[in-house]
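Q:
Here is the structure:
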């Protein structure tokens, strides 16, 4: 397949019970901004478009219409990337303050992640990439109370002990060579 023609994930939308509560959650915790809102002409739901990037009209759409009886979310996870371990700590603090629950940290080797449920039970992942690769799924506990240097040291040791370990650049070269 020609990679220039390969679809790239652009945005996602979720049905919610309480539009305003969920807009407040995602704008506060993730710094997203409302770009547009209204009721669809053919899709008669309230739609709120959110983005964190001026070159992208929306990255997330909050839509009314989640049935009242829908207590189980069919969203496997919504994932957001950050650049620093301190960013994970900040999101954890803000999300918990705004009603997130089931907070947990996982060290995937190739990424450091926190997972939690948003106020309506959708699973959210916030992660940062590491410079290493190990086969997934892989998940060791992640303790964000440790110093950054200790987290990085432990992560590298975990990765190097795994027989599938590669530096991320080498994994990327092998992936690209698959054609």
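Numbering (the numbering used here), first residue to last: 24 to 202. The beta carbon of each residue, even a glycine, is placed where N, CA and C say it ideally should be. Every value quoted in this text rests on a predicted model; they were computed, and no experiment measured them.
#1: Looking at the strands, I want to know which residues DSSP matches up with residue 155.
#2: Once DSSP output is grouped into helix, strand and coil, what is the label at residue 60?
#3: Which ranges would you report for the alpha helix (DSSP H) in the segment 86-143 if only whole runs of at least 4 residues count?
#4: What residues in its chain sit with their C-beta under 6 Å from that of residue 156, if we drop five residues either side in the sequence?
#5: I'd like to confirm the pairing. Which residues does DSSP put opposite residue 84 in its beta bridges?
#6: Between residue 119 and residue 167, which are expected to be in contact by the criterion C-beta below 8 Å, what is the C-beta distance as a whole number of angstroms?
#7: Since residue 149 and residue 98 should fall inside the 8 Å C-beta cutoff, what is the C-beta to C-beta distance between them, to a whole number of angstroms?
#8: For a quick check, are the C-beta atoms of residue 66 and residue 122 less than 8 Å apart?
A: Let's see:
#1: Answer is 190, bridged to residue 155.
#2: Three-state DSSP puts residue 60 in a strand.
#3: Runs of the alpha helix (DSSP H) inside the segment 86-143: 108-120.
#4: 133, 189, 191, 194
#5: Its beta-bridge partners are 36, 72.
#6: Wrong, their Cβ atoms sit about 12 Å apart, outside the cutoff.
#7: Going by Cβ atoms, the distance from residue 149 to residue 98 rounds to 15 Å, so no, they are not a contact pair.
#8: no
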